[in-house]
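Here it is as structure tokens:
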């Protein structure tokens, strides 16, 4: 990890052979917090209440919705002068979960952090429903910026 604003915290007995897609803690040494709104596969800027015609365009599978959500987040981070390497926490909300969903979504999410050799802290929740039944995932992040 190369972000000077943060320091990854591990336990003294941390077993480096264990593959974890997140870290237990990140200490913020400087910078300012950037809170990103929850992002779904809808465009970042969309009507509220949601329009049926926009919802009808959503991909009908978790993997595609995860990718689309992450691309929206990438644009928001870029607008703030940040990258996925600046993210300190990620919240993932998966609607109507099925066996294996967490692994499929996490693999896509982690691919956005891999170029930065960075793992944020994370919270991954299964929920009954998001804003609309067509939405399968919502992702929110917190980053540290200059």
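Residue numbers (my numbering): 138 to 283.
Cβ atoms here follow ideal geometry from the backbone N, Cα and C, with glycine treated the same way.
What whole-angstrom Cβ distance do residue 183 and residue 222 have, given they're in contact under 8 Å?
Sequence index remark: in the chain shown, residue 183 carries index 46 (1-based). Sequence index remark: in the chain shown, residue 222 carries index 85 (1-based). Not confirmed; about 27 Å, so no contact.
State the DSSP-derived secondary structure class of residue 169, mapped to helix, strand or coil.
Position 32 of the chain shown, counting from 1, holds the residue named residue 169. Of the three classes helix, strand and coil, the one that applies to residue 169 here is strand, per DSSP.
Per DSSP, which residues does residue 230 bridge with? Please list them.
For the purposes of this step, residue 230 is taken as the residue at position 93 of the chain shown. Paired residues: 262, 275.
With 16 as the cutoff for other CB atoms within 10 Å, does residue 180 come out buried or exposed?
Taking the first residue of the chain shown as position 1, residue 180 is located at position 43. Its Cβ having fewer than 16 others within 10 Å, residue 180 is exposed.
Determine contact between the region 197-209 and the region 158-169, defined as no fewer than three beta-carbon pairs at a distance below 8 Å.
Judged by Cβ distances under 8 Å, the region 197-209 makes no contact with the region 158-169, as fewer than three pairs qualify.
My assumption, with CB atoms under 8 Å, is that residue 276 sits in contact with residue 239. Please give the rounded CB distance.
Reading the chain shown from its first residue, position 139 is the one you call residue 276. Reading the chain shown from its first residue, position 102 is the one you call residue 239. At roughly 13 Å, the Cβ-Cβ gap does not stay under 8 Å, so residue 276 and residue 239 are not in contact.
Check for me: the alpha helix (DSSP H) holding residue 207 runs from which residue to which?
In the chain shown, the residue the question calls residue 207 occupies position 70. Looking at the DSSP string, the run of the alpha helix (DSSP H) that includes residue 207 is 199-216.
Since residue 267 and residue 177 are thought to touch, with beta carbons under 8 Å apart, how far apart are those beta carbons, to the nearest angstrom?
The sequence position of residue 267 within the chain shown is 130, counting from 1. The sequence position of residue 177 within the chain shown is 40, counting from 1. Yes, residue 267 and residue 177 are in contact; Cβ-Cβ is about 7 Å, under 8 Å.
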